[in-house]
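See structure below.
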Amino acid sequence: MEYKPIRKVVSGNYAAAYAAKHARVEVVAAYPITPQTSIIEKIAEFIANGEVENLQYVAVESEHSAMAACIGASAAGARAFTATSAQGLALMHEMLHWASGARLPIVMVNVNRAMAPPWSVWDDQTDSLAQRDTGWMQFYAENNQEVYDGVLMSFKVAETVNLPAMVVESAFILSHTYDIVEMIPQELVDEFLPPRKPLYTLTDFDKPFSVGALGTPADYYEFRYKIEKAMEEAREVIRKVGKEFGEMFGRDYSQMIELYRTDDADFVFMGMGSLMGTVKQAVDVLREEGYKVGAAKVRWFRPFPKDELYELAKNVKGIAVLDRNFSFGQEGILFNEAKGVLYNTDAHPIMKNYIVGLGGRDFTVNDVKKIADNMKAIIEKGELDVEVDWYHLKR
Amino acid sequence: MEIPENVKKRLSIPAEEHFYAGHTACQGCGASLGLRYVLKAYGKKTIFAIPACCSTIIAGPWPYSALDANLFHTAFETTGAVISGIEAALKAKGYKVKGEDGIMVVGWAGDGGTADIGLQALSGFLERGHDAVYIMYDNEAYMNTGIQRSGSTPYGAWTTNTPGGKKHFLEKRHKKKVIDIVIAHEIPYAATASIAYPEDFIRKLKKAQKTPGPSFIQLFAPCPTGWRSPTDKSIELARLAVQTAYFPLFEYENGRYKINMPSTKKEPKPIEEFLKLQGRFKYMTKEDIEILQQWVLHEWEKLKKLAEVFG
Ligand SMILES: Cc1ncc(C[n+]2csc(CCOP(=O)(O)OP(=O)(O)O)c2C)c(N)n1
Ligand code: SF4
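If you read the sequences in order, they're chains A and B. In terms of my numbering, the first sequence opens at residue 1 and continues consecutively. In terms of my numbering, the second sequence opens at residue 1001 and continues consecutively.
Laid out in structure tokens, this is it:
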């Protein structure tokens, strides 16, 4: 079948809901939280209108139970989906480990929202990055299109390596902002994403088994190692699935870090999620003004794209890491990770960490320009002013 | 051992075993006996979800399992939610759930995992009406972590965090009536059961299987380790709990109450008979025993009234 996209103007949240529908998810268990709510409302609407078949919607009593129910459903062989944000994700934390430990390919959309207190419903990546070590893959979407594509690809990757995946979009900037999204006709989605073939299922009664029993010191270690092996395998699977997606639907995701005008760049801005849209726009403006700059958008944070980062770092003099998140007592989380990767390599560009946009603080093209000037000066001088720059601070 | 056909015919409890020897429960463990009966009643077309509790250990470490049925070990507070998810998946995939020939989804959790940390998920499960059975085996404390009080621990009981001592500090709260909380959800079927009355227990399990919607059974399951009782007295203790009306057996079915045991005509035995076999009650004074006795009789009267009016 020839690919003719269906163009719809939708919010990031609706893009997520449509993707779940097109992925033919079988169980959705979810609990509402701003700004995630419209994802699960839309899915409920699909059911109410008879637009989906065989989809069980479990309106649970908490996010902890949402993830637990998805885990039960996935262990019983279903394709399971949920969505949450901030406090909800934090409440799920224990169960996130359970999903990866039981090797269940659940896909969840997390709407990046700042953690309270103080209460905030606005964009901030600390919620999802705090789940870094749970064994979940993490895909950061720049725009609504990437939310849609990300969900479809994540299911495929997750079901190949038997690990859960999180698709992350930013509060309001994407979740509630409408944009054109090219959707894929159902038959082609089905071709790209066939029904799930579970690693195991609780409905296999001929050879009873148990999942998650006590793992003594004699075995626990190997279970962890296998998760790491699956994460390593995921890098290749992600590239392959991303390439296949590009060949089928014209948008190539084979690179775990998307490079934008980096070929001859002196230095690049690196970051994740919606803020990279702003950065790309700023790169165009700066290029016109004669700056040799580019953007490096980290699409997959887990598994971490080490090879792509190394390739990039070899060819630039500096990297400005933009973190819309913070690990207290240290620095921005992406900055920390990126520095860590490069230490044992021969690529050592000057790296500086700019903490930006926390709790939805506006981050504009103008800000990127200011950062460019600062980076330029640092590179010329060959030395950092500060390593971690709380860029917006009211002084 | 092969059971002779003529004996087999007289058994009201299924002869087949689906609970293997070699499980790791303590001697005299009521919970392990309960699990054995559940497996007898439901057979291997069953999916168990077991949260953190003694039964996690009883089932055995990887790669072993004492259960001849599929088992998903889950987090402490999630039994209600996990069985909801399993049931939803089975439905999405078109399986028959519950009923004589359907798949049985069974949540098997301790009193701590039910009355306390898991109460929210239990409530969600009941209220949403999933076709699954939730069995709370009640050993009246957190045994797996070394005998700490739970909401289901009775008045006067010693536990490691309600110890008896010079200042006479022990559990000052009556047992939380989880079954009443469950019934408040107006589910189709709820019952109490005891390992001392296996025929009654299995009958209730079968009823739960036949009744669509969520069912709940609270199973009284003595724990010699935590109760400081002789390992060969577990059945006797479970029977005394019923005979003293400390743990009466009854059913709640679509708004109707029915007492199964003890007899509503006879006076219950004095509570001391149940208490005296257990080290955990040794710090109780005469007044304490009287307080507990009054509570037991009060609750018993309440139940009798309910059965009378809504029987
Ligand atoms: C979130 C969480 N908190 C605490 C624990 C530790 N924990 C494991 S089992 C248990 C007690 C279980 O008690 P109960 O449900 O009554 O079952 P029993 O051990 O008596 O069989 C506790 C506190 C845990 N596993 N998870
Ligand atoms: S501690 Fe009690 S409940 Fe736990 S296995 Fe031993 S006897 Fe059974």
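We treat Cβ as the ideally placed atom computed from N, Cα and C, and that holds for glycine. Since the structure is predicted, the reported quantities are computational estimates derived from the model, not experimental observations.
Item	Value
Can the beta-carbon of B/Ile1047 be found closer than 8 angstroms to that of B/Val1007?	no
Spatial neighbours of B/Leu1306 within its chain, please: C-beta separation below 6 angstroms, excluding the five flanking residues on both sides.	Tyr1257
For the structure I just gave you, are there three or more beta carbon pairs, one from the segment 1175 to 1190 of chain B and one from the segment 1023 to 1041 of chain B, closer than 8 angstroms?	no
Enumerate in chain order the residues of its own chain whose CB-to-CB distance from B/Asp1116 is below 6 angstroms, with the five nearest sequence positions on each side excluded.	Ser1150 and Gly1151
Residues around ligand 2, please: the condition is that the C-beta lies closer than 5 angstroms to some non-hydrogen atom of it.	B/Ala1025, B/Cys1026, B/Cys1029, B/Ala1031, B/Cys1054, B/Asn1139, B/Met1143, B/Cys1223 and B/Thr1225
List the DSSP bridge partners of A/Met270.	A/Ala296 and A/Val321
Any heavy atom of ligand 1 closer than 7 angstroms to the beta-carbon of A/Glu63?	no
Compute the Euclidean distance between the alpha carbons of B/Leu1090 and B/Tyr1155, then round it to the nearest angstrom.	42 angstroms
What residues from chain B crowd round A/Ala29, counting only those whose CB sits closer than 9 angstroms?	Ala1081, Ser1084, Gly1085 and Ala1088
Would you call the segment 136 to 150 of chain A and the segment 168 to 175 of chain A in contact, with 3 or more CB pairs under 8 angstroms?	yes
Tell me the rounded alpha-carbon separation between A/Arg79 and B/Leu1275.	51 angstroms
Please report the straight-line C-alpha distance between A/Glu337 and A/Arg324, rounded to a whole angstrom.	14 angstroms
Return the residue from the list A/Val168, A/Ile378, A/Met248 and A/Pro217 that minimises the CA-CA distance to A/Asn112.	A/Val168
Indicate the three-state DSSP secondary structure (helix, strand or coil) for A/Asn144 in the structure shown.	helix
Compute the minimum distance between the beta carbon of B/Ala1238 and the heavy atoms of ligand 1, and state whether it is under 7 angstroms.	no
For A/Met1, is the classification buried or exposed, using 16 other Cβ atoms within 10 angstroms of its Cβ as the cut-off for buried?	exposed
May I have the straight-line CA-CA distance separating B/Asp1101 from B/Tyr1042, to the nearest angstrom?	10 angstroms
To which residues of the same chain is B/Phe1072 closer than 8 angstroms at the C-beta, ignoring the five residues directly before and after it?	Ile1047, Phe1048, Ala1049, Ile1050, Val1082 and Ile1086
In angstroms with no decimal places, state the Cα-to-Cα distance between A/Glu182 and A/Glu51.	19 angstroms
Report buried or exposed for A/Asn49, applying the criterion of at least 16 other Cβ atoms within 10 angstroms of its Cβ.	exposed
Would you say B/Lys1096 faces chain A, with C-beta separation under 8 angstroms as the test?	no
Residues of chain A with CB closer than 9 angstroms to the CB of B/Asp1116, please, in chain order.	The premise fails here: B/Asp1116 is roughly 15 angstroms from chain A at the closest Cβ pair, so nothing lies under 9 angstroms.
So with CB distances below 9 angstroms, who are the chain A contacts of B/Lys1040?	Result: empty, since nearest Cβ-Cβ is about 15 angstroms, beyond 9 angstroms.
Check distances from the C-beta atoms of the segment 1038 to 1064 of chain B to those of chain A and list, in chain order, the residues that come in under 7 angstroms.	Lys1044, Lys1045, Ile1047, Ala1049, Thr1056, Ile1057, Ala1059, Gly1060, Pro1061 and Trp1062
Report whether the distance from the Cβ of B/Thr1160 to the nearest heavy atom of ligand 1 is below 7 angstroms.	no
Please tell me whether, using a cut-off of 7 angstroms, the distance from the CB of A/Ser254 to the nearest non-hydrogen atom of ligand 1 is below it.	no
At what residues does the alpha helix (DSSP H) containing B/Trp1300 begin and finish?	Lys1286 to Val1309
Could you please give me the residues that DSSP links to A/Gln138 through a beta bridge?	A/Met166 and A/Arg302
Below 7 angstroms, is the gap between the Cβ of B/Glu1171 and the nearest heavy atom of ligand 1?	no
Please report the distance separating the alpha-carbon of B/Thr1079 from that of A/Ala347.	50 angstroms
Assuming A/Gly101 and A/Ser170 make a contact with CB atoms under 8 angstroms, what is their CB distance in whole Å?	With a Cβ gap of about 29 angstroms, A/Gly101 and A/Ser170 do not count as contacting.
Between which residues of its own chain and B/Gly1124 is the CB-CB distance below 8 angstroms, once the five residues before and five after are set aside?	Gly1080, Ala1081 and Ser1084
Name the two residues that bound the continuous alpha helix (DSSP H) containing A/Phe249.	Tyr220 to Phe249
To be precise: take each residue of the segment 48 to 67 of chain A, compare its Cβ to all Cβ atoms of chain B, and keep it if any distance is under 9 angstroms. Which residues remain?	Asn54, Leu55, Gln56, Tyr57, Val58, Ala59, Val60, Glu61, Ser62, His64, Ser65, Ala66 and Met67
Following the continuous alpha helix (DSSP H) through A/Arg7, name the residue where it begins and the one where it ends.	Careful: A/Arg7 lies outside any alpha helix (DSSP H), inside the beta strand (DSSP E) at Ile6 to Val10.
Does the CB of A/Glu159 have a neighbour CB from chain B at under 8 angstroms?	no
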